[in-house]
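Heads up: the structure comes next, in structure tokens.
Residue numbers (this note's numbering), protein chains in the order written: chain A, 3 to 734; chain B, -3 to 701.
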């Protein structure tokens, strides 16, 4: 890991001291208000729908060494990047060109702290009477920063040099004067300088605003007070986080996820985490993950950290102010050269939907499993949301005959993960984006030469469970008023589920990308056939099962796609039939899905209780007959103990020994053993997992059921060459 | 004598202002009867009759103008008590309203709620999916017909909805603001097949780009329309039946009053009229006082609501968010944070915070003796001596200081290891600064200089806190209006007729330099003329004199691809390339002012997504000459001074207590002082003074100023 230890003199001129709790709260509240204002300026000035709609940006105020004091409500991945960026700037400039009042630094180098090249980051020091009190910074995902493919998502790239203009930390503004040579250099690298220029201006304006806000606060309360408050904010968050962690039982929690492309060619890659919780500390060890890949799905250290932090913050710290103090309680390790910590110059243009994203999925599953074991944190545990993202950038000549570029934001609309207490939220969007919005169809059609046939809730996309995952969206569109549209469709995991369920919950749907070539869509529209989907049209259909990459679209071509549903929680046979009936009425689940996946039989939309119970009992009977690796039998427990999965329990006997059990009273095995060996096991097929789940031929789905009641306890999707993992291993 | 009545029915109180020909304004307050708001109106009228020594039931005959602010639409929405509503939309887009562009789980939520992922939920739909019907048709971005309207399919859809028992139908087709023909034809068929069903059509209601927001607006209007129409008919019937021959007008959200009939047609336009009333009253007051730029602050029990007046005009947002849904109707901009008298103070991890959790009015602050045990801002005010527990609300509502002290001791002082009074001072200081931070965001955060502003403070708790949040911001002065306790009702009686219209006709220029020629001035002019004509027609129909109609035009302008436009005033008359150049220069100046010169990038090009017109039809009403607080006049003895705790730096300071009713124009009260008005307490800090102006407003300034 990068050493961020600073020369002590950078902060020596500030007399840090204890601030009374009233003044502390007054100053803290204003700092948060300043960041909110900074965010408003950034989003109002930016010219990129990725920023204005998808919220793919960030803002913040940082300590002199780059630790985050406060961050804006945008992409949480940047919680892992800003500290590294500032560290690189300090080490690169302090003894060279210097870091002075009025300087603005820009970088997008993933090997200098950025997440990937399109995430252009700008920071400036806050200097008060010659002393650097801290930094303000912001970041925008820009639409194009050069590279071999329009949009700077370069499916064919094998090294970072091909992906666009690499800007190591660079002074764009020197003592208040913009360096016009650097400005032109950056803009001239982009195919969309108009959008890029606005984004850069948005960051400068937002940072200027934030810097002035901090300086006004210093004028009012003094530099020592403001600096001390900023530092104390971290200490307090750290203290609260450590306390929260300390309250949880010690143990090791594991999670694994795969993805099926390196960007250029198909093939499975593994992301695996071992989360060790000891005392007030968490360690995320990713060393069992695959080697770095030849394509653009790698991430660097910043992406690795960001993926972990984005997972931990909402689960363990929803009520603790988010800053680097929370992160101090977390250690992240992975040797260089892995897909989660790539070595220069590996390409990582799609890190945010590749390595970082899969780190996020696995870290979140592991930390949710941990949270589920603690009474104070269980309510925040959640199955995976929106397990992978399709990225579609468009370019060419628009309907007005002008060059254009942009991204289709509806692709973010995956479903949310289920929790112990509720179904996942429909079309909630990616976990790491705090709030996003999908562009109106009318908005998309006014900027892109496209015509939508439908945009709707994708029924049966949520992973089944006692609580099911949220539904995603699906949509179809065709080229309209243009001779062609150049699209870049960067989408891994078209052959497999990614929104993993927890505790027997099934995975959410696999996303789909299909293109119909030369269809009769125009005629179908003109004659009033009302086509909604490729199935309503004639034409040759390519249903991609691997990363599509660059796809040229022509009049008559139709894109029909859908997105990952959320993962389920618990056994689908435990779902409330009335709730499933309501979901069928609301269009989230089909009547077929209700029967096949949940065992709920509906008659005129109302559950037939007797028929439902019969179906469910039959299925549980089947599961009871699943073979067990170890055939031990233990006396049933009088008290089922504490629920740590959904049916899985932890119980203590009269002698104080701990056991794994099931809520039905069945005792599975001593807590030191892996309970999976004592449960019924079956290998499920894609059809068993959900209506829209695909399973790569090299993947298997291991299901584990209670031999006593037939309740589903766990479902793991595994590369056939990998051994099963033990999700929960508590210290005795 | 002829009377002008303004009534605002709020959640807790029904406020009334009674203005006579001579310009005497009487202020009245009575509890709202939630089961039957009409009774609240009657109670207020009965109170007024008593005040004026009129025979019971005789006032209405002398009322020539009746302005009403009502939450009837908002309540029906929050309680989901609208009618069974169906939606007809373009094939393929049935789920638009349910998807909410992915914003359903976060729209209208605070950040602290958004980050709690496990609690995210979508709002209860206003129209369930099975009542949303698709019809075969399609229009594109140019307005060209891609798929002709299938009228048989329309009839099938209408039949299906009618069989499902809908009482209202909303029609929203893609691109209908560009080409309304299909939508209007669907409307005709609905009228033909179901003349009694309430009909709401998006191209009439909100011809603006964005199918989600248009659907949300139109569906909500259909959902609430029948309810609001019935309410208006019954109210009007009841007033007429009791002899009122005067005019009834209803406060809307966008900046004035509209007819009750119009209200029934566009129910969504009164959704946020409550806070609007106070801002409109402030705008009238600003005119009288000659203060062009005002921050209006309303500190109530649960929230602190801030509006802004620039150059005497309330700042208006082109759209609003209500209860998690989006409404494409302009609303006077009011920004709220959870800081009010009922905001709860707590210590978590050694840190004192205030709000956003609120004790509301039930159980309320600990001192209310209604079962609340957690300390609030009002409890702090009582402990500090700012509020006298025996004279709260004119002595009609005794408070328990012991309970306030105990709550602060247990929940704040002891956890922090400080004295109870220091804890109370801390709670107040934090709350005051939170409010100052919001004012900072609305001024400095948007390129304004606070020194160009005055603050108006009203609402139950505003008077006790404005001395601090105003001073902290550095405004010229803080004014507590004499109508502070019934400010929204004052807005209801004083506001003019108002119409706001908007039209999307997007145009853009990739080049900034060539924009004056590329942007179609003739088309823009034609659009303005169309909107203006509509607005004038409506105003005159509603009773405005044609020569008293004032029209403001705005172009929404932004750099290309930005999401947020700025409303740029457009001069009257026909636009030319020359005036387009001026318009763009105005935009640029406004942009620089708002975001700073460093934000400008002309290389982006420019676009005009829509145009808007705001029109006002002036109503003739008497000028206010004096203000009389009626009803619960302050009874009993007031001590001449009491001790107030000013925090660790000053300690307890003997502070003079002044009876508000004994003050007259020109009187000056030096701080520290408390002015006890029947409905509110105004606090003057150390180093400040208050002057009573010619309209009995309390003007607080720094003594050094």
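Every residue, glycine too, gets a C-beta built ideally from N, C-alpha and C.
Give the DSSP bridge partners of residue i, in chain order.
| i | result |
| --- | --- |
| residue 322 of chain B | B:317 |
| residue 587 of chain A | None, per the DSSP bridge assignment. |
| residue 655 of chain B | B:672 |
| residue 664 of chain A | A:650 |
| residue 142 of chain A | A:59 and A:122 |
| residue 261 of chain A | A:271 |
| residue 570 of chain B | For residue 570 of chain B, which the question treats as bridged, DSSP gives no partner whatsoever. |
| residue 395 of chain A | A:409 and A:490 |
| residue 281 of chain A | DSSP output for residue 281 of chain A lists no bridge partner at all. |
Measuring only between beta-carbons, confirm whether residue i sits less than 7 Å from chain A.
| i | result |
| --- | --- |
| residue 509 of chain B | no |
| residue 515 of chain B | no |
| residue 152 of chain B | no |
| residue 679 of chain B | no |
| residue 422 of chain B | yes |
| residue 102 of chain B | yes |
| residue 699 of chain B | no |
| residue 190 of chain B | no |
| residue 624 of chain B | no |
| residue 99 of chain B | yes |
How about residue i and residue j: do their beta carbons lie closer than 7 Å?
| i | j | result |
| --- | --- | --- |
| residue 160 of chain A | residue 490 of chain A | no |
| residue 252 of chain B | residue 568 of chain B | no |
| residue 512 of chain A | residue 233 of chain A | no |
| residue 44 of chain B | residue 15 of chain B | no |
| residue 561 of chain A | residue 523 of chain A | no |
| residue 398 of chain A | residue 482 of chain A | no |
| residue 263 of chain B | residue 318 of chain B | no |
| residue 546 of chain B | residue 608 of chain B | no |
Taking only beta-carbon positions, decide if residue i is within less than 7 Å of chain B.
| i | result |
| --- | --- |
| residue 210 of chain A | yes |
| residue 359 of chain A | no |
| residue 200 of chain A | yes |
| residue 447 of chain A | yes |
| residue 373 of chain A | no |
| residue 392 of chain A | no |
| residue 429 of chain A | yes |
| residue 63 of chain A | no |
| residue 24 of chain A | yes |
Decide if residue i is buried, meaning its Cβ has at least 16 other Cβ atoms within 10 Å, or exposed.
| i | result |
| --- | --- |
| residue 540 of chain A | exposed |
| residue 345 of chain B | exposed |
| residue 396 of chain A | buried |
| residue 267 of chain A | exposed |
| residue 648 of chain B | exposed |
| residue 632 of chain A | exposed |
| residue 74 of chain B | exposed |
| residue 736 of chain A | Shown here, chain A extends from 3 to 734; a query on residue 736 of chain A therefore has no answer. |
| residue 306 of chain B | exposed |
Taking Cβ positions only, does residue i come closer than 7 Å to chain E?
| i | result |
| --- | --- |
| residue 222 of chain B | The question asks about chain E, but that chain is absent: this structure's protein chains are A and B. |
Segment contact flag, the stretch 485 to 492 of chain B with the stretch 62 to 74 of chain B, C-beta cutoff 8 Å, min 3 pairs: yes
If you pair each beta-carbon of the stretch 453 to 469 of chain B with each one of the stretch 670 to 687 of chain B, do three or more pairs fall below 8 Å? yes
Touching by the beta-carbon criterion (3+ pairs, under 8 Å), the stretch 343 to 363 of chain A and the stretch 520 to 539 of chain A: no
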